[in-house]
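Final position of the sequence shown in full-length UniProt numbering is 1074; the numbers increase by one with none missing.
Note that the Cβ used here is the ideal one computed from N, Cα and C, for glycine as well.
Owing to the predicted nature of the structure, the values given are computational and were not obtained by experimental measurement.
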Amino acid sequence: MSRDRGLSEIFQAAAILTGPAATSEARPTDLKGVLLCRLADYYAYVGNEAPQPESSLEGAQLSTAVGALSVLEQLHGLLRDPDEFVHNALRQSRNGDEKITPENNPTLIGSRDMALIRTLTSIVFKWGVEPLLQRIVSAIPSTSRSHLARGASIIDLTGLPHEYSVLCSLSSRLLTLPLCEGTASPLSKSVVTATILNQHLSDLLLPCIVSGWLPKSLASDSMPTGDAFRPQVMYLLSRLPVSQVISAVGQTLAKAPSSLLYARRACTFILSRQLMRPEGIRGLCESVFAEEDVAGDDAPLQKLEHVARVFNTVPVGMKDEDYSKTIIPRMLLLLSLEDRALPATHRRAIAFSLSRMLTNDDSPELQKAATVLALSSLHNRILFGSGDLSTDASLRIIQVLLTNTDPSPHLLSALFTPIVPSLYALYVYLKGTRASDPLLRESLQGYLGTWGRLLGSAEVISTLWRVIDGEGGNWRVDVAGNISRTEDAPQDATSLSLFTPESLKQAEEAGDLDVDANILGLRPDPVQFVSFIGSLKRADVSSELFVRLLEGYRELRSHAGADPLKTLLYLQLILQMQKQLSTDDNLGILKKPEHMLSFIKHALENPRQSEPSQAKTTLDAGLRMESLRIVPDEAEDDELEDGDSDDEEEGTEGLPDEPLDDITSTAVKLLLSVLEANPDLSARNAPILNDIFSLLEPLSKASNEELRSLTREARMVMTARLASTSDTAGDRAPKAAGDAETPQETYQKALKLLQDPLLPVRAHGLMLLRQLVSARKRSGTDGLSEPPLDRALVPGILSIFMQSIQDDDSYMFLNAVQGLSAMVDGFGKDVLRGLVNTYAGGLDSLSASTISQHDVDMRTRVGEALGQVIQRCGEALPSYAPLLVPALFQVVRTTQFPTVLRTSAISLLAQCIKTNALAVLPYIVDLADAMVDLLQIESAAAAPHKPSLRPKRSADTKSEREEAHADADADQEGQHDTPPAPPTMDTQPTSTNTKFPPLRRAALHFLSLLIQACTSRVYETGDAEGLMLPPGAMKRARTTLGYVAATDADDVVRVMARETTEGLDQLAEALIGL
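Next up, the structure:
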């Protein structure tokens, strides 16, 4: 028999096995008889002896499946080398005029043959593998507690060994098709194997896993473990794309019976092994986000959390460190790619998963290993100038993590705190370089700003002090734009050698001398550093840092051997903070007076602490150049000549004549500034002022006129302040240090964050508001209590969420939706009434017919929040139904409303039925009649097809077309002949056109859910009086649905109408059963 003739005969046998016979003899009408007749014809055609006819339908189906598998094996044997036939045909066509045709290349099969192969494959699995597998699974002893708790069931074990043997045989034969050349060769390619692997891979994996991974403790002589399946399955999966394998194994896991825990564990093991493949991460993302990649949508939160759970699950038998060493570098490598090299959904999923790994407290060992590896990879290049990632890649990864994850303070601390000095040094370098990248400079400014605004004051201050200490290193950017850290100190353009007394005087006269110029090259630059601190808008940070600088400056002044440049740096920073940060009324350094008052007291207690240490240093230092001086300084002589004991003022005998240490004067000036900036500050709420008042008394008699006047002014202010607050002191309770923030303070803090231009900071403000309005769990009970928040703040918070829900950023919008849902949980019907009014308001006015695009978007987004509220109500939904259902029903009935909103309202009503059908019980008849009326009135019949008559082309047109390019003419012709696209609800969201298909689809979806709820109610209660439609309404609905299913122009509407009609039939059968 020739090769091509054998192929045609095999297809003929397949047609006999799957289709009607060619003879005109009378055929049986039942399925069993039909199958037996087909089997008899099949065996007669192939020349094999027909086995004993089966006595049951299942047996006939199994025999058909076995025959179908035989046909597939023969087809695979002829079609498994398609490349060889193509090469031979091409070689023949080069040698002669013979073309590639089905006669000389039998692998060229048509669409009908492809459909026949798919039918044979479906028969093998549906009639052969699945029924056998179902009976085998019921016979395997279960180790699941939930399965055992259901009680024992009677299992017929007759014929079980034979069925298990047949199942293993079918699975082995199916598995052999792609592995016909063994596990050491590539997969065999054919149309048959492509059909099995692309459409039925999960159906093939399930029986192989059930048999191949069967534990020895559950196996028996009649049901042994299929050890041969395991290496074959693992090799097959290793040769397939990761995304395909993950999708198939995921479907297998979903199909695996809950009673077979070993099968589910095996699927989980296989998934984890696929994730560890080099392309495992990409494959997982391609499998999970396939729909979003095609549609271009954002990644849903549920899928992001699913991917994060997969990444946070360490494979069995693998250490956390080994898992992190494998998966973390691959995640970082993908995050470092350019935007066009990785889909946005994949990038966000990987970043979201990595952030969860770094902040997951449930797995401390994995968190520790992942944190060490990820942060070292990101920070090494920035901190030490070495590492696998470049500086640009590290910064890009940090940006991706920051913009695609929750604004977690823990994550921000881990990412930024170690490298803030280096980032600040790089930012200052780029700011001083004209040819630097402005986008990079703005990104660094955003990183530092986000870090400084969201983290705790203690961490921010300690990190900023590292910047003051000179950490951060030196940076440079080469010609190619590559950023690198260097050990060479930058050369300042300005130098002291450029200034002489004459040139300095000329510069001052010309106005070219900048008083704030960093002539000595201090690091950090005082002006820039204080400006950066002011941009953080953190009064607690700036005030405490100011006090710390004062204390540091005082300590340096008390040591003669201190570095003069460091002392000058501290002094310059103090002066710049006084200049730049003491003018803001809300965020100045004087708004947190506690630390400053402590410093003032300490400075006034020891005004001349520096002198003993200086004298001791002089004695211990040995001989210096000053020791050889025998003539006193002129200044000292002048002082001795001008000095006169009679000039001393009364009461100043005990104090020296020379000026006191400048720290004392600074402390008194600082005290006045603090008192001026805090009008309510007095000894009543700050007892330390009493000690300061006593320390100021001796200074009020000092010989220095400036100090004396300042001290007297300070004492007068303190006395007056104490007198003015004596009447109201009993009404104010001071807040103890360490107390938690009150709800009002949290509210104000959230408002401050919401005004920030950075998106992560605004999102953090929304998160604070959401936490503020969330219901609290009652102690000792399962219920929830109202949030401890003043109800006067509720309207303001609701207004904030309603404004944030209009934000274009999806993250802000989702946070606002969750916040509205949390407010309904916390404050109940009051907030829900406000949402419903916003969604359904304006129905009785003329504004309903002139609604704008903004109003449509607003109401649609509020509708999404209502959808979440309905889902979270659960069994408590009937208590909220009087607020929800009438308003939504009114929206549906208002024809002046845009079709988008009417469709949204119907979807929300359907969600009510899906959540708890009892919620719509009082309105069931009206709702059903309204939906039937809508379908009856708004149905759009399909227009009859009329063939278009094209005019005959002239000879001139034909000659011109022959001169032009054929493809270009075809494109132009297609453009001219293509009619304009019809309007849709997406292109016209404010339209009131009721003929848009989504409106009818929503109505059909509502009716389908309503009918399903009625049917379930009948079967569960056995009562037809509950959720039940009147007979007249059911008859009218069936008539309308039949008309819509037959005549509507929309394909989806017709299909949904037929499905709803089937639901009505099922409801009728349930009623007949009663």
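Between the options, which lies nearest to residue i when the distance is taken from Cα to Cα?
i, options, result
"Ile-533", "Leu-520, Arg-554, Ser-582, Ala-562", "Ser-582"
"Ser-211", "Leu-753, Thr-183, Leu-133", "Leu-133"
"Arg-309", "Ser-353, Glu-279, Ser-1016", "Ser-353"
"Ala-941", "Pro-524, Asp-1051, Ala-560", "Asp-1051"
"Leu-179", "Arg-538, Thr-664, Gln-232, Asp-388", "Gln-232"
"Ser-907", "Glu-1062, Ala-1003, His-379", "Ala-1003"
"Glu-551", "Ser-531, Ser-535, Leu-573", "Leu-573"
"Met-213", "Leu-197, Gly-226, Gly-473, Ser-220", "The question names Met, but residue 213 in the sequence shown is Trp. Ranking Leu-197, Gly-226, Gly-473, Ser-220 by Cα distance to Trp-213 puts Gly-226 first."
"Ser-558", "Asp-662, Trp-475, Glu-459", "Asp-662"
"Arg-173", "Pro-186, Val-192, Ser-185, Gly-159", "Val-192"
"Leu-884", "Arg-893, Lys-1035, Ala-905, Asn-198", "Ala-905"
"Ser-408", "Met-357, Ser-324, Leu-556, Ala-1070", "Met-357"
"Asp-469", "Ser-484, Arg-485, Tyr-424", "Tyr-424"
"Gln-853", "Arg-893, Thr-987, Ser-939", "Thr-987"
"Cys-912", "Ala-266, Gly-874, Leu-934", "Gly-874"
"Leu-275", "Ser-165, Lys-669, Val-307, Ala-517", "Val-307"
"Gly-828", "Ala-928, Gly-841, Val-794, Ile-805", "Val-794"
Beta-carbon separation of residue i and residue j under 8 Å?
i, j, result
"Gly-296", "Ile-246", "no"
"Gly-867", "Tyr-839", "no"
"Ala-603", "Leu-672", "no"
"His-76", "Ser-202", "no"
"Arg-1001", "Met-931", "no"
"His-1005", "Ala-887", "no"
"Pro-998", "Thr-903", "yes"
"residue 1075", "Ile-196", "Since the first residue shown for the chain is 1 and the last is 1074, residue 1075 is missing from the structure and cannot be characterised."
"Gln-74", "Ile-10", "yes"
"Leu-62", "Lys-32", "no"
"Arg-859", "Ser-821", "no"
"Leu-1029", "Val-920", "no"
"Val-900", "Met-985", "yes"
"residue 1077", "Ile-209", "No information on residue 1077 is available, as it lies outside the stretch 1 to 1074 that the chain covers here."
"residue 1075", "Leu-520", "Absent from the model: residue 1075. The displayed extent of the chain is 1 to 1074, so no value can be given."
"Glu-471", "Pro-421", "yes"
"Tyr-427", "Leu-444", "yes"
"Thr-1040", "Val-761", "no"
What does the alpha-carbon distance come out to for the pair residue i and residue j?
i, j, result
"Val-891", "Phe-897", "7 Å"
"Val-831", "Val-824", "6 Å"
"Thr-29", "Lys-255", "34 Å"
"Pro-141", "Arg-264", "15 Å"
"Gln-12", "Val-34", "18 Å"
"Arg-273", "Asn-312", "14 Å"
"Gly-280", "Leu-389", "21 Å"
"Leu-571", "Met-331", "46 Å"
"Ala-248", "Glu-130", "16 Å"
"Ile-419", "Arg-466", "10 Å"
"Ile-398", "Leu-415", "7 Å"
"Gly-1073", "Thr-1061", "19 Å"
"Pro-743", "Ser-598", "29 Å"
"Pro-51", "Val-137", "28 Å"
"Ala-615", "Arg-554", "In this prediction, Ala-615 has a pLDDT of 37, which is less than 50 and means its spatial position is unreliable; what the coordinates show is noted afterwards. One C-alpha to the other measures close to 17 Å."
"Leu-401", "Leu-877", "39 Å"
"Gly-19", "Glu-292", "40 Å"
"Pro-787", "Gln-302", "27 Å"
"Ser-217", "Val-316", "20 Å"
Provide the residue(s) that pair with residue i in DSSP beta bridges, ordered along the chain.
i, result
"Ser-484", "Arg-476"
"Ala-941", "Asp-1048"
Inset, instruction - Count the CB pairs spanning the segment 592-599 and the segment 683-691 that are closer than 8 Å, and state whether there are at least three. - result: yes
Legend entry - At least 3 beta-carbon pairs within less than 8 Å: the segment 341-349 vs the segment 382-395: no
Legend entry - contact_flag[the segment 363-371, the segment 429-436] where n(CB pairs < 8 Å) is 3 or more: no
Inset, instruction - Flag this pair as touching only if the segment 691-703 and the segment 674-682 have three or more C-beta atom pairs under 8 Å; answer yes or no. - result: no
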